[in-house]
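As structure tokens, the structure follows; a few thoughts come after it.
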Amino acid sequence: MGEEKMTIEDLRPVIGLDDELAADYLSECREHLATVGRDLLVMEKSGAGIDEELVNRVFRAVHSIKGGADFFDLVKVRELAHRTEDVLALVRSRRIAPNPNRVRILLEATDALGEMIDNPRTSNQADTTEIMAALAGICSDQRAAAGLPGAAGTAPQSRGDLRVLLVEDDFASRLLLQTFLMRFGECHVAVNGREAVDAVRAAFARGQRYDLICMDIMMPEMDGREAVRHVRAIEESHGILSTAGAKIIMTTTVSEIRDVIQCFKDLCDAYLMKPIDLGKLLEQMKAYGLTR
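Whatever position you read off the sequence shown (first residue = 1), add 104 for our numbering.
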């Protein structure tokens with residue numbers, strides 16, 4: 105197995121469930137879920153007048169659980185967290201209110217996540233069919249009615265439509281990704297996090313937005329994680345939540361795994377291991393409806 109073909113699958117023995125990183129991730133998940141349960145009950149009592157900071161906190165917690173699950177092959181945890189996040193995104197955007205029935209379903213989902221987190225080695229055998237269907241039932245009608253991404257009939261963008269920001273300080277990696285991404289549309293380049301934030305701010309000033317941001321983690325002046333926080337803050341200042349904002353894919357090395365897990369707290373969407381497999385990048389772009 106050559107270094108240039110390394111994928112997350114190759115790393116699983118390195119970051120297995122006995123690893124200290126896994127123990128930290130599972131511990132954080134338990135803390136998140138304890139807080140989420142309390143917050144959901146507060147949301148139910150608040151109804152349509154929910155506190156924005158509270159619902160954002162719940163959304164970030166579930167997003168963080170989902171993002172880290174990939175590293176440890178916790179497939180069912182990731183799937184259930186993703187579906188739970190979909191419902192929370194609708195609450196967060198005020199498209200649905202957290203009525204008692206919806207909160208009950210969300211609580212059942214977080215209870216199921218808690219059981220799987222407490223028993224990670226058997227979590228992939230857990231039967232989540234019923235709760236997944238209940239969550240999907242909340243999403244399907246709402247998404248179709250609102251025309252949100254993921255609704256039936258929502259077409260991906262065509263080649264040439266994308267506006268991409270590539271943030272990478274290594275010349276060879278930057279050249280590889282830029283050459284590839286230019287096939288799909290306009291590709292701008294930043295060599296550190298500060299330039300990336302400035303580019304996003306300037307794009308909004310011109311009345312434009314980026315569809316995709318490929319963000320390196322370790323960079324001079326401002327690292328990728330801080331840059332992601334600034335990008336999401338800029339989007340939200342323009343009334344755009346992360347679920348409707350740019351798709352942010354972190355690019356990372358083996359030694360930066362702990363950092364990229366933390367990036368999910370700041371609402372990045374995905375990660376790719378370096379050296380970048382362009383086929384996997386294309387898969388991510390297709391999964392987000394950024395290209396056919």
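Glycine residues also receive a C-beta, built at the ideal position from the N, C-alpha and C atoms. For clarity, every value in this text was computed on a predicted model and none was experimentally measured.
Item: The beta strand (DSSP E) enclosing I344, as first and last residue numbers; Value: Run containing I344: none; DSSP gives neither H nor E here.
Item: Local conformation of C372 per DSSP, three classes; Value: coil
Item: Local Cβ density within 10 Å of F420, reported as buried at 16 or more and exposed below that; Value: Past the boundaries of the shown model lies residue 420; the chain is included only from 105 to 396, so the question cannot be answered.
Item: Cα-Cα separation, N223 to G141; Value: 19 Å
Item: Three-state class that DSSP yields for T317 in the structure shown; Value: With the sequence shown as reference, residue 317 is identified as Ile, and Thr is not the correct amino acid for it. If DSSP states are grouped into helix, strand and coil, I317 belongs with the strands.
Item: Buried versus exposed, by CB contacts within 10 Å (16 or more), R329; Value: buried
Item: Nearest-angstrom Cα separation, counted from E219 out to G120; Value: 19 Å
Item: Residue ranges of each beta strand (DSSP E) within the stretch 260-291, 3 or longer; Value: 266-271
Item: M354: first and last residue of the uninterrupted alpha helix (DSSP H) it sits in; Value: No alpha helix (DSSP H) holds M354; the beta strand (DSSP E) holding it covers K351 to T356.
Item: Close-in-space but distant-in-sequence residues of the same chain around Y412 (CB under 8 Å, 5 per side omitted); Value: Any property of residue 412 remains undetermined from this structure, which presents the chain solely from 105 to 396.
Item: Option in L178, V271, L266 and L239 with minimal Cα separation from R225; Value: L178
Item: Cut-off 7 Å between Cβ atoms - residues of its own chain near L58, not counting five sequence neighbours on either side; Value: What the structure shows of the chain is the stretch from 105 to 396, and residue 58 is not part of that stretch, so it cannot be assessed.
Item: At least three beta-carbon pairs within less than 8 Å, the stretch 269-280 to the stretch 291-298; Value: yes
Item: Run of the alpha helix (DSSP H) containing S131, from where it starts to where it stops; Value: E124 to S150
Item: Under 8 Å between C-beta atoms of R187 and A240; Value: yes
Item: Span of the alpha helix (DSSP H), counted from its first residue to its last, around T214; Value: P204 to D222
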